[in-house]
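Notes follow the structure.
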Amino acid sequence: MSLSPDAFSVLDDTINRLAGESILAQVGRDDGLIPSYSLLSELCELTAAHPELSGSVTAVRTELEKLLDTAKPFDDATLGMLKKLINWLPKAIAALRDGKPVASLNGNADAKPAVSAAPAESAPVSASTNAAPESASATEAAADSTASAAAPEVDDGLAAFDQVLDLNMAENGELLGEFHAEAVDHLAQIEAALLSLDEKPDDPEALNSIFRSFHTIKGVSGFLHLTPMHTLTHEVESLLDLARNRKLTLNGAMITDILKSRDAVSAMVGQITVALQEGKLPDSVIPVSQLIRAVKRHAAGDAAPAPAPKAEVSAAKPAAVAAPAPGLAPVVNFPTPAAEAPKAKTEVKAAGGEVKAQGASSTIRVNTEKLDSLMDVVGELVIVQSQLAESSRVLGIEDTGLQRNISQFGRLTKELQHTAMSLRMIPVKPTFQKMERLARDLSRDFGKKVNFHVSGEDTELDRTVVEDIGDPLVHMVRNSLDHGLEMPADRVANGKPEAGNVGLKAYHEGGAIVIELSDDGRGIDPDKILAKARKQNLINENLQLSKEEILNLIFLPGFSTAEKVTAVSGRGVGMDVVKRNIEKLRGKIEITSEIGKGSTFRIKLPLTMAIIDGLVVRVGEDRFILPSTSVQMALRPERDALSTVHGRGEVLDHRGRILPIHRLHRRFEIPNAIENPCEGIIVIVENNGRASALLVDDMVTKQEVVIKSLGGFLQHVAGVSGGAILGDGSIALILDPSSLFAAA
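See below:
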């Protein structure tokens, strides 16, 4: 099998980078040790199909791994092997390119390398693990694992690894910071690739991606003496190596235990997060011994033990999955790396693409506090720019040069503002990935078959919005699987496929982002919802509601249609929290449903939380800002369109729709405002699918404004979500239509 020109190019690039790292290497020091090890691991992947190359590369990598596992610096022999390999590789690759025999590392032409298969990996930190070597034969791996599984009741020494993580911050502080950022990315890649493997067990790209990630975490955790993490990842890596070499096929039980191992590593990384951010060292044990035993049993080919009681699984899994991956908040990648390597025609090309991406240094890590500070400064700049333009207009300055400079300043400010906003934008992919994992776990707990479809995961949102949308989505996915989808037998009886379909997608709509969750389940029965709400005394018995209003009753606090309380749902706590959290993000949620065909929930969110596009209106001497996304239209009403309805107050007949009128000056007790609606302006505002009319004196302008917090004293004023500084230096309150109309 010959290498493609692209593959040769990638190999040359990797070897050049390895040569650069070796320049720093010195006997007695560990400078360049970890980068050299990582690059050799990449070379192992790139040369996997060519034993005449891979054997020698793997042999040198194993020697470096021994140094990492024992936390030793370079010695004469290992450094000599590394430099000899770097000198030999270009000649060997050139011979391979020309179709000539490849001389071995020791100089014998047309000879096979000293090590034609990957040599046995160094033992883990403790010999008591009985871990299988990384590329040992299937017989050896099975023998070791069988020995471990044969006597589960006997003390096998694995309990010793259930220990508090020793971080040794004094020596490892800086290295832990680098390892933490890298581990977070690898954990995300592992979860995404495992979910892909669950659907396509023979996907080599996903399998190689998981192996590389576990291998990297294992190597660095061993170097840092993070014993529980190192031992667990070593065992998982051994299992994955058997799968890569076609010595076993991963099944659902294996993938579940690898996911659990990934969660345990994630929990330990979370402890490192706390230590780095707050200086608090780990004080609790993340148990790994049971996971190690389970992984060793899988490697030996033993049957999995009986599963845990269903109720315990249901209660524990959603909570674990719902929590955000530790450490995602402190840093942001630009752009965020994909959770899976892009698909290519060959494994070598896929790996090559990853190497190129790393070599190009196209991403940097920036603390989010710096981003927030940058956004604050840009916001102040936007305010100053609007003040300059306003001052020029008020003073009547007509100097052409000055006006040109102000216009240019405005264009640059807007460009800087959009660039700063884009820096805060991250894809919703990590959040969607968690929902995939949640759906997988819950479907097994409920005994339902589910096809979970995701699209638009590369859609970008403000970091704050992405972080805060996770909890609402968890509630909605749970409800969709618990209440929405029928049991397989019921679906077949109703003429549906046995497996239910749940779709989660994100897309742009106007100046907002829409996240849509849909299912093809039983749908929401409006009659049942209305009867339940009346039974629970949540609404008036005689109140007449439209279908849309009835569906929105599920957002009332305490409302639940569940017949019994389970670990997942039934307590009436959930959808009201969903709505409240979405409104806190200045978003809104809509429901469409058809009995027997399914339901769709649409969450509409602003692109950013820092700057909004608003309509400035005047009431008396005061000015207010309405978010443009909530405004449908503005008009001066005719007298015959206005009337008073008993029990509803003033209303506007707008094209056959009866809309309640809210007088803003009465809500905020503003003097000298227009009382007669025919002399003022009616702004029709939409909120949660319902339209209302807001009476104001005049419309001033439409502009982008920087949102400012009102502080603790005014933070909970109903109808107000923040403030903004206008061009003339005055302050305008930003209205929140949802709480404004609720208070009225």
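Following the numbering used here from start to finish, the sequence shown increments by one per residue and tops out at 724. Every residue, glycine too, gets a C-beta built ideally from N, C-alpha and C. What you are looking at is a predicted structure, and each value in this text was computed from that prediction instead of being measured.
By the neighbour-count criterion, in which a residue is buried when 16 or more other Cβ atoms sit within 10 angstroms of its Cβ, T399 is exposed. Taking the Cα positions, G503 is about 14 Å away from M456.
Buried is the label assigned to I583, since at least 16 other Cβ atoms lie within 10 Å of its Cβ. Positions of the alpha helix (DSSP H) runs, each at least 4 residues long and wholly inside the stretch 201 to 289, are given as 207 to 224, 232 to 258 and 269 to 280 in order along the chain.
Here T27 is buried, its C-beta having at least 16 other C-beta atoms within 10 Å. Selection L675, L59, C658 and R647 evaluated against I641 yields L675 as nearest (Cα-Cα).
Of the candidates I592, L536 and I530, I592 places its Cα closest to the Cα of D442. Under the three-state reduction of DSSP, A72 is assigned to helix.
Going by DSSP, E574 is part of the beta strand (DSSP E) stretching over K568 to E574. Going by DSSP, Q365 is part of no beta strand (DSSP E) but of the alpha helix (DSSP H) stretching over T348 to L375.
Taking a C-beta distance under 8 Å as the contact criterion, G660 and D677 qualify as a contact pair. Taking C-alpha positions only, L33 is separated from L222 by approximately 21 Å.
Spatial neighbours of Y487 in its own chain (CB-CB distance under 7 Å, excluding positions within 5 residues in sequence) are listed in chain order as G436, T439 and V494.
Taking the C-beta atoms as reference points, D500 is found nearer than 8 Å to N481. Excluding five sequence positions before and after L606, the CB atoms of its chain that fall closer than 7 Å to its own CB belong to G594, L595, V597, V663, V665 and L715, given in chain order. Burial check for G8: the Cβ neighbour count within 10 Å stays below 16, so the residue is exposed.
No Cβ-Cβ contact shorter than 8 Å links P208 with F159. The residue from L351, E563 and V362 with its alpha-carbon nearest to that of F389 is V362. In this structure, M355 places its C-beta atom within 8 Å of the C-beta atom of R404.
A residue is called buried when at least 16 other Cβ atoms come within 10 angstroms of its Cβ; H195 meets this threshold and is buried. Closest option to E529, judged by alpha-carbon separation, among E521, P506, F539 and N517: P506. Out of K428, E447 and Q612, the CA that lies nearest to the CA of E478 is found in K428. The DSSP-derived three-state label of Q524 is coil. A straight-line Cα-Cα distance of about 22 Å links L622 and I650. Per DSSP, reduced to three states, the secondary structure at L85 is coil, with no helix or strand assignment. A check of alpha carbon separations from L392 across D379, V364, Q413 and E370 identifies V364 as the nearest.
Taking all protein chains shown into account, G636 has fewer than 16 neighbouring C-beta atoms within 10 Å of its C-beta and is therefore exposed. DSSP places R560 in no beta strand (DSSP E) but in the uninterrupted alpha helix (DSSP H) bounded by M555 to K564. Looking from the CA of Q516, the closest CA among R458, E215, L536 and S246 belongs to L536. Residue state for G153 is assigned as helix, using DSSP reduced to three classes. Of all C-beta pairs linking the stretch 404 to 416 to the stretch 373 to 389, fewer than three are shorter than 8 Å, placing the two stretches out of contact. Note on geometry: alpha-carbon atoms of R417 and D425 lie some 13 Å from one another. DSSP places D56 in the helix class (H, G or I) of the three-state scheme. The criterion of a C-beta distance shorter than 8 Å is not satisfied by G709 and L690. Around the Cβ of A150, a 10 Å sphere holds fewer than 16 other Cβ atoms; the residue is exposed. The beta carbon of L174 sits closer than 8 Å to the beta carbons of A186, I190, I235, I238, L239 and R242 from its chain, once the five residues preceding and following it are set aside; these are given in chain order.
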